[in-house]
Amino acid sequence: MKSTPSSEPSAHSAQQLNPLEDEAVSQSLRSLRRGLQRANRFSLFIAVCNSPALRDKLIESLRESMPDQLLKVVSLAASAAHPLETALDAVRDEEGAPDAIMLIDLEKAIRSEHEANPTIAALNLSRTRWSNEITRPVVLWVPEYLYSLLARKAPDFMDYRSDVIFFRDGPTVPNPLLPLESRFWSGGTDGQMPANQRRERIAELKSRLKPLENTENRHALSACSTWSSELGNHFYLLGDVNDAEAMYQKALRIDEQLGHLKGMARDYGNLGNIMQTRGNLDGAREFWMKARDLFAQLGAQHMVDKVERLLQTLPQSG
């Protein structure tokens, strides 16, 4: 069933959001995610981002959108003169080898572009070892000035890069991650949300679902159910009833496979809304009764009451 977002941006923030800048950040993150998903061996991605806060949010969004992948964040401390060794330590982590490594804070080891720095020298000298000793993708997060410095002073290392991806964050973008952060949407049922932002969120969710079409990972499947249900809500609010129904049915199939009763109850409720919108009141009653019974089984009395109120809006059958 569609629920009110627990946390959403204020109307003032939504009005100030620059859709073009917002879309640029989203597209950059999708490009990085596609690169990580396609890499089956060492690949070096340079992520250029001037804001540590934005960088951390982007990494958080990557983690959320790749539930079947383990991303390891490794800080290159100010004393880290050998970044490769730090990265290798992360790969050898006893808690489990990561699927990708996020290297951050290199700027803390490189204070000035005017002085010779052992860290840059170490990067250049160890360039062949990266591809020989690390068998998974690496994302090196750096501010723009450091990217330029590495291009000049560590050109051999930079030749190994698979891609350079820029993340711009300016004063006109109060929250450039709005389409990426699920905590702002929680089903996306705010009818006042501008259609362009809702469509951007749809594009983000589709890009998350596509590489997981054949996954058997239960954690990833659970995320797919949540995202499919949210997609259905966005389509429903845009008036695309057929697409909304398809997404709700997809969520239901996954929840049935996983045995997630709470998800199934939600899906039945949403499908009841579709039936009511189409004028199929018997179908609405059938789905809502299934939702009510599951919520009762789960002890969610407030949801039982909510569905009962919906059922009371229908004419008596027979």
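Reading the sequence shown from the start, the letters are residues 4 to 321 in my numbering.
Cβ coordinates follow ideal geometry from the N, Cα and C atoms, glycine included.
Beta-carbon within less than 8 angstroms of residue i's beta-carbon, same chain only, minus the 5 sequence neighbours each way: which residues are those?
i: residue 139; result: 42, 44, 45, 94, 100, 101, 102, 103, 104
i: residue 13; result: Residue confidence is low: residue 13 scores 35 on pLDDT, short of 50, so the model does not pin down where it sits. No coordinate-derived value is stated.
Going by the DSSP bridge assignment, what does residue i pair with across the sheet?
i: residue 3; result: In this structure the chain extends from 4 to 321, so residue 3 is not present and cannot be described.
i: residue 106; result: 77, 143
i: residue 167; result: 49
Looking at residue j and residue i, is the spacing between their C-beta atoms short of 7 angstroms?
i: residue 261; j: residue 224; result: yes
i: residue 249; j: residue 268; result: no
i: residue 141; j: residue 32; result: no
i: residue 144; j: residue 66; result: no
i: residue 270; j: residue 258; result: yes
i: residue 307; j: residue 299; result: yes
i: residue 231; j: residue 254; result: yes
i: residue 170; j: residue 52; result: yes
i: residue 282; j: residue 228; result: no
i: residue 274; j: residue 251; result: yes
i: residue 149; j: residue 110; result: yes
i: residue 71; j: residue 218; result: yes
Just to confirm my understanding: we take residue i, look at its own chain, exclude 5 residues before and 5 after, and list those with CB closer than 7 angstroms. What are they?
i: residue 317; result: 284, 287, 288
i: residue 68; result: 36, 211
i: residue 126; result: 86, 157, 160
i: residue 120; result: 113
i: residue 129; result: 87
i: residue 165; result: 38, 46, 47, 48
Ordered along the chain, which non-local residues of its own chain (more than five positions away) have a Cβ less than 6 angstroms from that of residue i?
i: residue 134; result: 45
i: residue 313; result: 291
i: residue 50; result: 142, 144, 168
i: residue 22; result: Confidence at residue 22 is low in this model, with a pLDDT of 36, below 50, so its placement is unreliable and the value that follows should be read with caution. Contacts found: 199.
i: residue 39; result: 103, 140
i: residue 184; result: Only weak support is given to the placement of residue 184: the predicted model assigns it a pLDDT of 46, under 50, and the value that follows is read from those uncertain coordinates. Excluding positions up to five away in sequence, the list is empty.
i: residue 241; result: none
i: residue 153; result: 161
i: residue 215; result: 223, 227
Could you check where the alpha helix (DSSP H) with residue i kicks off and where it finishes?
i: residue 269; result: 264-280
i: residue 134; result: 130-136
i: residue 260; result: 244-261
i: residue 292; result: 284-301
i: residue 111; result: From DSSP, residue 111 is part of no alpha helix (DSSP H); its letter is neither H nor E.
i: residue 314; result: 304-315
i: residue 161; result: 158-161
So is residue i in contact with chain D if we call contact Cβ pairs under 7 angstroms?
i: residue 124; result: Protein chain content of the structure displayed is limited to a single chain, and chain D is not contained in it.
Self-check item: Start-end ranges of the alpha helix (DSSP H) lying completely within the region 40-104, minimum 4 residues
Solution: The DSSP assignment places complete alpha helix (DSSP H) segments of no fewer than 4 residues inside the region 40-104 at 55-68, 86-94, in order along the chain.
Self-check item: Sequence ranges, beta strand (DSSP E) only - wholly within the region 208-233, length at least 3
Solution: Entirely contained in the region 208-233, not one beta strand (DSSP E) run reaches 3 residues.
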